[in-house]
Every structure is written in C-alpha cells, then in structure tokens.
Amino acid sequence: MPSLKTLLIIADSLGIHPKELLDIPLLKDRPLKKEFPKRKRQRSISKELAVPIKKKSKMR
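In UniProt numbering, the protein residues as written are 1 to 60.
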C-alpha cells in the first residue's frame with residue numbers, strides 16, 4: 001500500500017481528490033440517512049385477562 005504522500009502526489013497528477021483513488025464515496029455523494037425497511041409490528045390486541053372477579057359475599 002502506498003503512503004499517503006504518494007497517494008496525494010498521484011491524485012494531484014491525475015487532477016482528482018485522493019479519496020477517489022481509494023474508492024471512498026465523498027460525504028456529498030452519500031445519502032444522509034440510510035433507508036431501513038420498516039418492521040411489521042403486530043397491532044396491539046387487547047388481551048382480556050380472565051381474572052375472576054371476587055364478589056363480596058354477604059356474611060350471615
């Protein structure tokens with residue numbers, strides 16, 4: 001791998017940016033945000049818990 005100074009000399013002679021020699025996209029060429037696929041979330045189903053309701057029994 002050539003040194004950074006050598007890369008600068010080569011890029012200068014070609015009239016390009018040194019990053020183009022390394023095939024690194026410049027910041028202006030990259031999108032600012034990466035598009036990620038959205039996850040399919042299940043709709044929140046109201047789960048009714050079968051908790052027995054204790055009725056107050058009349059004390060006799």
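Beta carbons: idealized from backbone N, C-alpha and C, even for Gly. Note that the structure is predicted; figures quoted are calculated from it, not measured.
| Check | Outcome |
| --- | --- |
| Rounded separation between Asp23 and Asp12 - CA only | 16 Å |
| Residue interval of the alpha helix (DSSP H) (run including Ile10) | Leu4 to Leu14 |
| Sub-8 Å separation of Leu4 and Leu21 beta-carbons | no |
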